[in-house]
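Below is one structure; the comments refer to it alone.
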Amino acid sequence: MISCLCSSNGAIVKKLFFFLFLIFSVTLLSCGSSGTPFNSTVSTQAPPYVNRIDPAIVNPGDTLTIFGLGYSIVPGYNIVTFGDVSTVSENYFILTTPTSDEIESITVVVPANVPAGTQTVYVSVIGNTSNTNMSVNVN
Numbered sequence: 005m006i007s008c009l010c011s012s013n014g015a016i017v018k019k020l021f022f023f024l025f026l027i028f029s030v031t032l033l034s035c036g037s038s039g040t041p042f043n044s045t046v047s048t049q050a051p052p053y054v055n056r057i058d059p060a061i062v063n064p065g066d067t068l069t070i071f072g073l074g075y076s077i078v079p080g081y082n083i084v085t086f087g088d089v090s091t092v093s094e095n096y097f098i099l100t101t102p103t104s105d106e107i108e109s110i111t112v113v114v115p116a117n118v119p120a121g122t123q124t125v126y127v128s129v130i131g132n133t134s135n136t137n138m139s140v141n142v143n
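Residues in the sequence shown are numbered consecutively from 5, following my numbering.
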């Protein structure tokens, strides 16, 4: 009688353990599956800031470095405009010796169709546009 009671209790315990394990597994598998993927393009609503451009005189095809803050870590999200001609940045860097106005930099190749003369340069990141008081001289 005792061995029969123990074996039936053992089966009940095993079934209970299996049931709890099944509930835990279903709960664990459903965590994080809201169907909404992570959005890496969250805008801070703060416009980027261009503090300095180097070099100040360029030719089409030259690489230009723009120093400031508020740029995207995804180079393709940094739209650089020279007058009326826009292109995307090539690289993004965090500066090793930042200042209050220069935390990061981006590089961009000056497009071939930028007209010669003084061109206003500004950066747009996900709809936010930087200051427009910076310029370069294009040969």
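Ideal placement from N, C-alpha and C gives every residue a C-beta, glycine not left out. Quick caveat: nothing in here was measured; it's all calculated off a predicted structure.
8 Å Cβ cutoff met for residue i and residue j
i    : j    : result
A61  : M138 : It is worth fixing the name first, because residue 61 is Ile in this sequence and not Ala. Cβ distance not < 8 Å, so I61 and M138 don't count as in contact.
Y81  : I110 : no
P102 : S93  : no
V112 : I77  : no
P52  : L73  : yes
E106 : F97  : no
T124 : G65  : no
V54  : S128 : no
P115 : T136 : no
Local conformation of residue i per DSSP, three classes
i   : result
Y81 : helix
L99 : coil
G87 : coil
V17 : helix
F23 : helix
Endpoints, beta strand (DSSP E) assigned at residue i
i    : result
V142 : 138–142
E108 : 108–113
S128 : 121–129
N135 : Looking at the DSSP string, N135 is not in any beta strand (DSSP E), and its letter there is neither H nor E.
N55  : 53–58
G74  : Where G74 is concerned, there is no enclosing beta strand (DSSP E), given that its DSSP letter is neither H nor E.
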